[in-house]
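To start, the structure itself, in structure tokens.
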Amino acid sequence: DTAVSQTPKYLVTQMGNDKSIKCEQNLGHDTMYWYKQDSKKFLKIMFSYNNKELIINETVPNRFSPKSPDKAHLNLHINSLELGDSAVYFCASSQTRSGSPLHFGNGTRLTVT
Amino acid sequence: ILNVEQSPQSLHVQEGDSTNFTCSFPSSNFYALHWYRWETAKSPEALFVMTLNGDEKKKGRISATLNTKEGYSYLYIKGSQPEDSATYLCAPRGGSQGNLIFGKGTKLSVKP
Numbered sequence: 143d144t145a146v147s148q149t150p151k152y153l154v155t156q157m158g159n160d161k162s163i164k165c166e167q168n169l170g171h172d173t174m175y176w177y178k179q180d181s182k183k184f185l186k187i188m189f190s191y192n193n194k195e196l197i198i199n200e201t202v203p204n205r206f207s208p209k210s211p212d213k214a215h216l217n218l219h220i221n222s223l224e225l226g227d228s229a230v231y232f233c234a235s236s237q238t239r240s241g242s243p244l245h246f247g248n249g250t251r252l253t254v255t
Numbered sequence: 004i005l006n007v008e009q010s011p012q013s014l015h016v017q018e019g020d021s022t023n024f025t026c027s028f029p030s031s032n033f034y035a036l037h038w039y040r041w042e043t044a045k046s047p048e049a050l051f052v053m054t055l056n057g058d059e060k061k062k063g064r065i066s067a068t069l070n071t072k073e074g075y076s077y078l079y080i081k082g083s084q085p086e087d088s089a090t091y092l093c094a095p096r097g098g099s100q101g102n103l104i105f106g107k108g109t110k111l112s113v114k115p
């Protein structure tokens, strides 16, 4: 069983569309995250979600919205996609927010044309 | 924590060589330091989480040390093998509620 799974693996879409990336973890972790691997290959935090508390990175445009129906899921919804949104997006989870290692999903490569 | 520097950016070694990389970070408001191993076409995998000054952790041929007062951590690989080829990321956390800030990584290539 995959511990942190995200779908789809690849997503190709046109500018202006709205799309979602799903993430599920079966580890019983309390905290989930979305990271973006930017053009310089840095992993940058977008959101963390812990016990219904959402921490937002202020640099993330409000076109990006995380949605957590329950503790095991943190989906990423993106409105009005732009060319610059093309990147690899990684979901991750950890047992707690502070002292636990992150477990990453395999990433979703988003290409906006 | 804003500035996380890893050096070198890339490293090419022969099988059997021992090697080490550096992660530098601001020492103020330090809470924890993570190391991850990221193989091509896979996702990052956690190696170590260290919190105390002077911490040393070991997993097989890989070990890490932490100096929180001067703001650096070393990752050592003894007797490198081709399967050690990967990008090694460090990520300090500032404060118990702060986010992990990832460095750009050191890309290691081990030639057989």
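As they're listed, the protein sequences go chains A and B.
Residue numbers for the first sequence follow my numbering, so the first one is 143 and each next one is one higher.
Residue numbers for the second sequence follow my numbering, so the first one is 4 and each next one is one higher.
All residues carry an ideal CB built from backbone N, CA and C; glycine is no exception.
Item to check | Alpha carbon of Trp38 (chain B) to alpha carbon of Lys61 (chain B), nearest angstrom | outcome: 12 Å
Checklist entry - To which residues of the same chain is Ser88 (chain B) closer than 7 Å at the C-beta, ignoring the five residues directly before and after it? => result Leu111, Ser112 and Val113
Checklist entry - Are there three or more Cβ pairs, one per stretch, closer than 8 Å when the segment 15-23 of chain B is compared with the segment 34-48 of chain B? => result no
Next on the checklist: Please state the DSSP three-state secondary structure of Pro85 (chain B).
Outcome noted: helix
Next on the checklist: According to DSSP, simplified to helix, strand and coil, what is Asp58 (chain B)?
Outcome noted: coil
Item to check | Presumed contact (8 Å Cβ cut-off) between Gly158 (chain A) and Leu223 (chain A), rounded CB distance | outcome: 6 Å
Checklist entry - Got a sec: which bits of the segment 80-110 of chain B sit with their beta carbon under 9 Å from any beta carbon on chain A, in order along the chain? => result Thr90, Leu92, Ala94, Arg96, Gly98, Ser99, Gln100, Gly101, Asn102, Leu103, Ile104, Phe105, Gly106, Lys107 and Gly108
Next on the checklist: To the nearest angstrom, how far is the alpha carbon of Ser242 (chain A) from that of Leu103 (chain B)?
Outcome noted: 11 Å
Checklist entry - chain B beta carbons: is any one of them nearer than 9 Å to that of His245 (chain A)? => result yes
Item to check | Cβ of Phe184 (chain A) within 9 Å of any chain B Cβ | outcome: yes
Checklist entry - Helix or strand or just coil, what does DSSP make of Leu223 (chain A)? => result coil
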